[in-house]
Amino acid sequence: MLRSLYKSDADREVVARWCRSRLDAWGVPHRRETVEVSDALVHLTRVGSGPVEVVFVPGTNFNAAANLAVAEVLARRRGVVLVDLPGQPGLSSGERPRAAHRGWYGRKVAEALEAIGADRVIAVGHSLGGSVVLSCDSERIAGRVLLAPAGVAPLRLDPRMAASSLGWLLASTPERTAAMLEGFTAPGHAPPEAIVEWLGLVAAHCRSTLAPPPLPGAVLERRKGSPLIAATGAHDRFLPPDRLGPAVRAGLGVELHVIDGAGHLAADERPEAVAALVDRMAAQMGEGDGR
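Counting from 1, position 163 in the sequence shown corresponds to residue 148 in the working numbering; the numbering is continuous, with no gaps.
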């Protein structure tokens, strides 16, 4: 049974209005479409020229409108589509099962790829998106780039981060949202004002989900030996390299890449580094930089 992530229909419209306004104001040429899949509508934002070669799947509470920095950088080289996950705040349908992390998101992404006919894509997943990309069995995915992927090891929330997150959820203000985001970014990196504004809206109008638990071992085993890159920020406090590295090695059979100067929001803090990982994956797939 599906239930809405929004507190009311009016709250849904506030979130949608913010996303549409931010995309409308974006100076990068793009186009948007919504595809119908089983029990959901999936909103897609396409940017860059040529066929879709990269699919970006955001993390918890994020969407295309909140990932414009990395979209712009990725689209300089390849055609990109950003997925607003159904069941997460954004422009897709807002209903989700209570245990949405158990393969449901992965199936929606697979169905969306089928609907648009994208083939041999590199799927880039951040945090929750990494778990989704790992669980997605679509044969249209030829390679995977996982950024601070959930699903491989439990996310850690130290007491200070837990307190700031609780304050953000219970009574969101710009100050509390910014304080909460300090735990997401590398030292010296101020969170972008747009992200502070966005997560303030999420706290006020949405029912935020918890971090997904580790995926079943059988899911991780299916990915071993496939083209796959896993990375995390050097300053990621949720999935620090010293904890995620051994889990990635044991569960996926690859070594972890560490992105200097980044925390958990590596796609926003170091988009060029993320694009370099996509280039590396393209080369690993035998496509080269010019795909």
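Idealized CB from N, CA, C, for every residue including glycine.
The shortest C-alpha to C-alpha distance from M146 to any of F223, L53, P197 and R87 is the one to F223.
In this structure, A171 and E254 form a Cβ contact; the two beta carbons are roughly 6 Å apart against a cut-off of 8 Å.
If you draw a 10 Å sphere on the C-beta of T158, you find fewer than 16 other C-beta atoms in it, and that means exposed.
Note on the stretch 52 to 91: whole beta strand (DSSP E) runs with a minimum of 3 residues are 64 to 69 and 80 to 82, in chain order. When the five nearest sequence neighbours on each side are left out, the beta carbons in the same chain lying within less than 6 Å of the beta carbon of A133 are those of S112, T217, D221, L224 and H249, in order along the chain. Of all alpha-carbon atoms in F169, L67 and D245, the one lying nearest the alpha-carbon of L8 is that of L67.
In the three-state reduction of the DSSP assignment, S(-7) falls in the coil class, being assigned neither a helical nor a strand state. Boundaries of the alpha helix (DSSP H) harbouring L151: P144 to L155, taken from the DSSP string. Residue pairing by DSSP puts C191 in a beta bridge opposite Y(-9). If the five residues before and after G91 are omitted, its C-beta is found closer than 6 Å to the C-beta atoms of V117, S120 and C121, all from its own chain and listed in chain order. The DSSP-derived three-state label of T162 is helix. Using a Cβ-Cβ distance cut-off of 8 Å, the stretch 50 to 66 and the stretch 17 to 34 are in contact, since at least three pairs of beta carbons, one from each stretch, lie closer than that value.
For the pair A103 and V22, the CB atoms are not nearer than the 8 Å cut-off. A direct Cα-Cα distance of roughly 10 Å separates V187 from Q73. Under the criterion of beta carbons closer than 8 Å, G236 and V137 qualify as touching, at roughly 5 Å. When rounded, the separation of the alpha-carbon atoms in G271 and Y(-9) is 43 Å. In the structure shown, R141 adopts coil according to DSSP, grouped into three states. Taking C-alpha positions only, T194 is separated from Q269 by approximately 34 Å. Within the same chain, Cβ atoms closer than 8 Å to the Cβ of V239 are found at L213, I214, A215 and V233, the five residues on either side in sequence being excluded.
At a Cβ-Cβ threshold of 8 Å, R81 and L154 do not count as neighbours. Distance check between E99 and each of E124, R83 and S77 places E124 closest, using alpha-carbon atoms only. F41 is bridged by DSSP to L67 and V109.
Per DSSP, reduced to three states, the secondary structure at A215 is strand.
Inter-residue distance for W3 and A54 is about 17 Å (C-alpha atoms, whole angstroms).
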